[in-house]
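In the working numbering, the protein residues as written are 2 to 313. The C-beta atom is built at its ideal place from N, Cα and C for all residues, glycine as well. These notes are about the structure you will find just below.
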Ligand code: TXA
Ligand code: MG
């Protein structure tokens, strides 16, 4: 298959409307989109990404009115979170309408819904006119793509079109909140922090590891965000062995030399560049990447979550 590269939103939306798979930017990471009601196209997303079929996709919408096309019986909390955080880097797990294909939600009776804030994403979704199912546009298990070039690296020849745009603003995936239980639960940390969610929903819970091994968010079972290189998290004052041939990313300058290093001037900048740095290290054959630990507040919580998963 030939993958079309285009900066033209109307051309990209046209591919999607004709059952194509189209990668598009959002403020978190690039997504791989298909018409949410087109079951054959949804199946092709799983194939193109080599994604396990038990890991549900989230649906992206261009307007708040579209929520009711895909979800029903919204709780007060869900409505409050929509009013406060849509559009933005927040995914809500809601009760699925039966018109949404089973394959999309991996058979669950719930559905993840997100309305991106990125201007290109918004214009693209508006042109598509239908809800768009979209996981991150990487091969399953690889770091999420924060540039269109990273999408091309993983999916060229496997998808119909890439909508070319700027590198993504945030660089880590959305916060996922399950609103189907009595009390809402954060299933995945992201750019919308626990602290800011608590201002709207003081009772919100954070998912803890389930001893029965049955996580509520199926995706959390699978290997994630990993470069080919080994990832090592370094705390303050810890020494990195064999550093001269490794990579380093962090806020503070390291005391030793690295083959490739990235010093970020804030935790936000670190979050924004970490996945691309992982890919850069893989391209230059680096075997070990040292990542400085950060305090777990704000986006630092999501960054540490991704670093731990990559280091597993
Ligand atoms: O920022 C993002 O969320 C990006 C952009 C493209 O929007 N998308 C993204 O999608 O990260 P994906 O598929 O890579 O991650 C979605 C996560 C997975 O961990 C999945 O298991 C979980 O959301 N999820 C989706 N639907 C769910 C549901 N019904 N119940 C529980 N978890 C769900
Ligand atoms: Mg993903």
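- Collapsing the DSSP output to three states places residue 292 in a strand.
- Linking residue 161 to residue 242 through their CA atoms gives a straight-line distance of about 44 Å.
- A distance below 8 Å between beta-carbons, with the five flanking residues on each side excluded, links residue 123 to the following residues of its chain, in chain order: 63, 88, 117.
- Residue 9 and residue 57 have their C-alpha atoms spaced approximately 29 Å apart.
- Cβ-Cβ separation between residue 169 and residue 147: approximately 5 Å, consistent with a contact (criterion under 8 Å).
- Taken in chain order, the complete alpha helix (DSSP H) segments of 4 residues or longer contained in the segment 68-144 are 68-71, 77-86, 120-129.
- Beta-carbon to beta-carbon, residue 29 and residue 174 are separated by about 5 Å, close enough to satisfy the 8 Å threshold.
- Here the alpha carbon of residue 134 sits roughly 26 Å from the alpha carbon of residue 183.
- Uninterrupted alpha helix (DSSP H) stretches at least 4 residues long and entirely within the segment 170-217 occur at 195-201, given in chain order.
- Where residue 257 is concerned, there is no enclosing alpha helix (DSSP H), because DSSP gives it neither an H nor an E.
- The DSSP-derived three-state label of residue 38 is coil.
- Going by DSSP, residue 231 is part of the beta strand (DSSP E) stretching over 231-235.
- As DSSP reads the structure, residue 16 sits in no beta bridge.
- When DSSP states are grouped into helix, strand and coil, residue 31 belongs to the coil group.
- For the set 180, 279, 115, 40, the Cα lying nearest the Cα of residue 19 is the one of 40.
- Per the coordinates, the alpha-carbon of residue 110 lies some 21 Å from the alpha-carbon of residue 207.
- Residue pairing from DSSP places residue 164 in a beta bridge opposite 7.
- If the five residues before and after residue 13 are omitted, its C-beta is found closer than 7 Å to the C-beta atoms of 7, 23, 25, 125, 162, 164, all from its own chain and listed in chain order.
- Secondary structure at residue 65: helix, using DSSP grouped into helix, strand and coil.
- Non-local beta-carbon contacts of residue 281 in its own chain, meaning distances under 7 Å to residues more than five positions away in sequence, involve 261 in chain order.
- Around the beta carbon of residue 298, fewer than 16 other beta carbons lie within 10 angstroms, which makes this residue exposed.
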